[in-house]
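Comments concern the structure below.
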Amino acid sequence: MLKIRKHIYWYFKLYFCMKKLIIKLFEYIPCSDWIYNMYLLFKGRQRKVCLGKKNTDKTFYVIGWNDEGGGLFWIVNKVCMHIAYALDHGYIPVVDLKNYITQYSLKNESKNVWEIFFEQPAGYGLEDIKNSKNVIINRMTPAPAKKYLMGQTEFYDNPERIAYFRNIFKTFIHPNNKTLDYIRSKEKQLFKDKERVLGILCRGTDYVVAKPKNHPIQPEVKEIIKDAKEVMKEKQCNYVFVATEDKDILDVLKAEFGNKLLFLNQRRYSSKNMQSDQLLAQIKAKDKERNPIKDALDYYAAIYLLTRCCCFIGGRTGGTKGVLLMNNGFEYKKIYDLGLYK
1 MLKIRKHIYW
11 YFKLYFCMKK
21 LIIKLFEYIP
31 CSDWIYNMYL
41 LFKGRQRKVC
51 LGKKNTDKTF
61 YVIGWNDEGG
71 GLFWIVNKVC
81 MHIAYALDHG
91 YIPVVDLKNY
101 ITQYSLKNES
111 KNVWEIFFEQ
121 PAGYGLEDIK
131 NSKNVIINRM
141 TPAPAKKYLM
151 GQTEFYDNPE
161 RIAYFRNIFK
171 TFIHPNNKTL
181 DYIRSKEKQL
191 FKDKERVLGI
201 LCRGTDYVVA
211 KPKNHPIQPE
221 VKEIIKDAKE
231 VMKEKQCNYV
241 FVATEDKDIL
251 DVLKAEFGNK
261 LLFLNQRRYS
271 SKNMQSDQLL
281 AQIKAKDKER
291 NPIKDALDYY
301 AAIYLLTRCC
311 CFIGGRTGGT
321 KGVLLMNNGF
331 EYKKIYDLGL
341 YK
């Protein structure tokens with residue numbers, strides 16, 4: 001027995017040494033980045049599988065991917081892009097966030113994260129398709145093809161594209177009863193007897209500190225305050241509702257607007273405590289007091305409440321896309337176009 005253990009020990013020691021050596025050698029191979037990217041493309045390619053003999057008249061398109069960094073509306077937006085592809089090809093979309101990891105996945109639980117918040121787009125779940133003949137696993141990219149990519153300028157500056165994805169959202173993205181009850185209770189709590197509310201979305205934390213490359217530059221708080229005051233005066237708004245994950249931004253707005261400021265009582269983070277290479281999802285992952293499900297519900301509620309405002313101001317973010325997908329009737333809206341972080 002001792003000999004066997006000794007052999008196993010040396011086997012694993014040799015294995016890990018060889019693995020490190022191969023990784024080091026790979027760094028010096030010309031075009032190694034290209035080779036690795038080709039490997040990822042192959043690994044994440046779209047695949048057709050047969051799980052049984054049922055539903056021969058249907059082709060199911062399974063939407064899922066590993067992404068521990070994306071927030072709830074990044075997930076929703078990706079699902080919309082893949083649904084667009086599925087519809088064009090006559091496939092039935094099924095969202096699988098059970099077999100993939102998100103920042104809302106719960107340890108030691110194998111729930112479909114999508115179904116914690118939403119209904120399945122076409123009414124079919126993973127259990128319904130487990131013995132189906134025709135199943136396609138999506139390509140592991142935000143959009144299955146360039147045609148279906150929401151993008152930045154091509155989305156915000158194109159009313160037809162916004163209308164296209166808004167129709168997909170309103171047709172296929174339905175919050176479940178638990179989510180509906182939650183967001184409606186927050187609306188009643190914050191907006192009851194409140195008329196003429198200006199909604200503002202302020203993305204801070206890692207956007208402000210890390211300035212992630214190729215992500216939209218966010219407006220300064222002082223610029224938002226200046227514009228908000230002008231809109232409140234011109235459109236006769238009595239209150240301001242702010243959606244932000246940044247505690248520092250909220251403190252500045254509290255000092256400026258006082259009891260006219262409305263906001264959710266949710267978990268927020270200070271950019272002062274963040275490192276320049278940290279993402280918000282990494283901070284959240286280390287926060288042992290954070291409840292991922294409540295975090296997501298509060299995020300959805302904040303975006304929903306923005307859509308209930310008469311006017312809207314915000315930077316270009318996944319949440320702002322969510323606002324535009326859910327509402328097309330603002331009296332006034334301003335979405336900042338400040339370019340991308342380099």
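The UniProt record's numbering puts the first residue of the sequence shown at 1, with every later residue one more than the last. Where is the CB? At the ideal position from N, CA and C, for every residue including glycine.
I'd like to check one pair, residue j with residue i: are the Cβ atoms closer than 8 angstroms?
| i | j | result |
| --- | --- | --- |
| M150 | M81 | yes |
| Y336 | N214 | no |
| Y85 | Y164 | no |
| G52 | K133 | yes |
| V221 | V252 | yes |
| I75 | F172 | no |
Spatial neighbours of residue i within its chain, please: CB distance less than 7 angstroms, with the 5 preceding and 5 following residues excluded, ordered by chain position.
| i | result |
| --- | --- |
| residue 344 | Residue 344 lies beyond the range of the chain shown here (1 to 342); nothing can be said about it. |
| H174 | F118 and E119 |
| E331 | K235, C310 and C311 |
| I4 | Only weak support exists for where I4 lies, its pLDDT of 47 falling under 50; the value from the coordinates is given anyway. No residues qualify anywhere along the chain. |
Figure out for me which residue from the options has the closest Cα to the Cα of residue i.
| i | options | result |
| --- | --- | --- |
| L280 | S270, K288 and E289 | S270 |
| E109 | F118, E119 and L97 | L97 |
| D206 | E223, Q282 and Y61 | Q282 |
| R268 | D227, E187, D157 and R203 | R203 |
| L262 | V221, N328 and V242 | V242 |
| Q305 | K186, V95, T179 and T141 | Residue identity check: residue 305 is Leu in the sequence provided, not Gln. Closest option to L305, Cα to Cα, is K186. |
| L106 | T141, E68 and V323 | E68 |
| K58 | D88, I92, R161 and N99 | I92 |
| A210 | D88, N273, N55 and I75 | N273 |
| E245 | E230, K229 and I303 | I303 |
| N99 | D88, L87, I83 and E127 | E127 |
| N77 | K170, P159 and T56 | K170 |
Have a look at residue i and residue j and give me their C-alpha separation to the nearest angstrom.
| i | j | result |
| --- | --- | --- |
| L325 | G339 | 22 angstroms |
| D287 | D248 | 18 angstroms |
| A122 | G90 | 12 angstroms |
| T307 | L198 | 10 angstroms |
| F118 | Y124 | 12 angstroms |
| D227 | N238 | 15 angstroms |
| R184 | K333 | 23 angstroms |
| I129 | Q103 | 26 angstroms |
| K294 | N265 | 11 angstroms |
| residue 354 | F155 | This structure does not reach residue 354, given that the chain is present from 1 up to 342, and the question cannot be answered. |
| N291 | T179 | 15 angstroms |
| F191 | K260 | 12 angstroms |
| residue 343 | I224 | Nothing in the structure corresponds to residue 343, since the chain is present only between 1 and 342. |
| I162 | L87 | 17 angstroms |
| V113 | G322 | 18 angstroms |
| R166 | D157 | 14 angstroms |
| E230 | K284 | 35 angstroms |
| Q189 | E289 | 24 angstroms |
List the whole-angstrom C-beta distance separating residue i from residue j, where the pair is believed to meet the contact cut-off of C-beta under 8 angstroms.
| i | j | result |
| --- | --- | --- |
| I116 | N66 | The pair is not a contact, with the Cβ atoms about 17 angstroms apart (cut-off 8 angstroms). |
| V79 | I136 | The Cβ separation is near 15 angstroms, so there is no contact. |
| I200 | G314 | 6 angstroms |
| G318 | G71 | 6 angstroms |
| V94 | F60 | 5 angstroms |
Leaving out five residues before and five after residue i in sequence, what residues of the same chain have Cβ atoms less than 8 angstroms from its Cβ?
| i | result |
| --- | --- |
| Q152 | P216, R316 and L340 |
| R196 | K235, Q236, C237, N238, Y239 and C310 |
| E256 | I225 |
| Y46 | For the sequence presented, residue 46 should be read as Gln rather than Tyr. Closer than 8 angstroms at Cβ, skipping near neighbours: I136, I137, N138, R139 and P144. |
| P212 | D206, L279 and Y341 |
At a cut-off of 7 angstroms, would you count residue i as near the ligand HEM, judging by its Cβ distance to the nearest heavy atom?
| i | result |
| --- | --- |
| L72 | The model depicted lacks the ligand HEM and carries no ligand whatsoever. |
Using C-beta distances below 6 angstroms, list every residue in its chain close to residue i, excluding the 5 sequence neighbours before and after it, in chain order.
| i | result |
| --- | --- |
| N327 | T307 |
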